[in-house]
Amino acid sequence: MSKARDEFNLEDLREAADYLANRISSKPKLLIICGTGLGSLADLVENPVSINYEEIPHFPVSTVQGHHGRLVFGTLSHVNVVCMQGRFHYFEGYSVREITKPIRIMKLLGVEGLFITNSAGGLNPQYKVGDVMILKDHFNFLSFGGENPLRGPNDDNFGDRFIPTNKAYNKKLISIARDIAKQVGLKSNCHEGVYAIVSGPNYETVAESRALLMLGVDAVGMSTVPEVIVAKHCGMTVFGFSFITNLCITSYDTDHEPNHGNILDSVESRSVQIQNFVIKMVEASKDLWKSDR
Ligand SMILES: O=P(O)(O)O[C@@H]1C[C@H](O)[C@@H](CO)O1
Ligand code: HPA
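Using the UniProt record's numbering, you'd call the opening residue of the sequence shown number 1 and step up by one each time.
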């Protein structure tokens with residue numbers, strides 16, 4: 001009988017990590033997950049080695065338009081990095097455990113830091129399409145329904161059973177990002193806020209958007225939080241940002257409806273600034289990723 005996709009064990013993860021280790025010359029320290037439309041971040045990688053997800057044992061495959069489905073290993077600002085060009089979402093049918101499998105594989109490969117990006121709908125009335133929101137916190141609506149990637153027997157090889165998440169997003173990196181946003185011309189378009197994950201794939205109703213806003217959510221999307229939880233579980237340092245691709249609809253008096261095509265177009269308009277932002281973030285934080293801890 002074939003295994004369910006989220007039935008995997010440490011040996012499977014090691015097999016994937018060993019496969020990758022044999023295909024690359026230097027192991028990465030920093031994992032960059034490219035959100036929808038942000039895959040061009042991987043074009044920045046120098047001396048790239050690309051490996052399609054299909055080639056990697058036990059690795060899931062991406063099914064969403066705007067997500068390529070490959071790892072790109074190489075250097076950025078002299079730091080050994082790996083970009084995930086394409087991530088996995090709950091709405092694709094993956095469990096949160098399966099979504100976060102790559103994080104554990106990367107941990108076994110020696111990764112210590114995670115830069116995570118996504119596209120999201122803006123709720124905070126001050127946000128505009130094309131803005132960037134640095135994540136200072138998140139709201140895990142999936143885990144309110146019991147869907148947490150750490151559910152089940154704890155794997156002590158990665159981390160403790162009970163972990164704090166009130167400091168999930170590294171404060172030093174947030175402070176660096178504030179300055180870098182100014183340097184790359186994003187000052188008036190850069191915010192710090194709370195990201196919430198919902199399951200998708202439908203965009204929110206008016207009532208849902210209004211409720212999220214009342215709960216203190218600044219931007220809403222369909223990803224990121226499971227990966228961040230598992231990254232924290234296995235001791236990684238995390239920095240994240242959202243690209244605001246659309247504004248959530250909080251009024252019944254509009255004909256406007258969000259759609260995935262517009263979302264991809266809006267990312268395109270800022271791709272150079274976002275690329276500069278990421279390059280400078282890696283450069284400014286490189287001492288964190290150079291050690292052999
Ligand atoms: O991978 P991210 O979170 O950037 O993707 C979001 C969720 C959906 O794939 C898509 C919705 O338009 O953007
Ligand atoms: O408005 C949105 N809602 C949920 N997820 C999203 N991802 C991009 N935009 C949105």
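Here a beta-carbon is modelled for each residue, glycine too, at the ideal position from N, C-alpha and C.
Can you tell me which of the three DSSP states residue i falls into?
i, result
"residue 198", "coil"
"residue 275", "helix"
"residue 126", "coil"
"residue 147", "coil"
"residue 262", "helix"
"residue 118", "strand"
"residue 209", "helix"
"residue 11", "helix"
"residue 158", "coil"
"residue 97", "helix"
"residue 141", "helix"
"residue 72", "strand"
"residue 110", "coil"
"residue 238", "strand"
"residue 221", "strand"
"residue 243", "strand"
"residue 38", "coil"
"residue 164", "coil"
"residue 204", "coil"
"residue 102", "helix"
"residue 188", "helix"
"residue 287", "helix"
"residue 61", "coil"
"residue 255", "coil"
"residue 88", "coil"
Taking 7 Å as the cut-off, does the CB of residue i come closer than this to any heavy atom belonging to ligand 2?
i, result
"residue 258", "yes"
"residue 222", "yes"
"residue 194", "no"
"residue 263", "yes"
"residue 203", "yes"
"residue 190", "no"
"residue 124", "no"
"residue 245", "yes"
"residue 248", "yes"
How many Å lie between residue i and residue j at the Cα?
i, j, result
"residue 105", "residue 14", "7 Å"
"residue 80", "residue 268", "26 Å"
"residue 281", "residue 108", "24 Å"
"residue 125", "residue 184", "24 Å"
"residue 35", "residue 89", "11 Å"
"residue 127", "residue 209", "14 Å"
"residue 141", "residue 196", "7 Å"
"residue 251", "residue 288", "45 Å"
"residue 230", "residue 123", "26 Å"
"residue 144", "residue 138", "13 Å"
"residue 10", "residue 97", "13 Å"
"residue 235", "residue 103", "11 Å"
"residue 172", "residue 133", "16 Å"
"residue 369", "residue 73", "Past the edges of the chain, shown from 1 to 293, lies residue 369, and the structure says nothing about it."
For residue i, verify whether its CB is less than 7 Å away from any heavy atom of ligand 1.
i, result
"residue 87", "yes"
"residue 269", "no"
"residue 119", "yes"
"residue 35", "yes"
"residue 93", "no"
"residue 39", "no"
"residue 200", "yes"
Where does the unbroken alpha helix (DSSP H) through residue i begin, and where does it stop?
i, result
"residue 84", "Note, residue 84: premise wrong, no alpha helix (DSSP H); beta strand (DSSP E) at 79-85."
"residue 228", "225-233"
What are the boundary residues of the beta strand (DSSP E) that includes residue i?
i, result
"residue 52", "46-52"
"residue 249", "From DSSP, residue 249 is part of no beta strand (DSSP E); its letter is neither H nor E."
"residue 173", "Where residue 173 is concerned, there is no enclosing beta strand (DSSP E), although the alpha helix (DSSP H) it sits in stretches over 171-183."
Which residue or residues does DSSP assign as beta-bridge partners of residue i?
i, result
"residue 135", "193"
"residue 32", "83 and 115"
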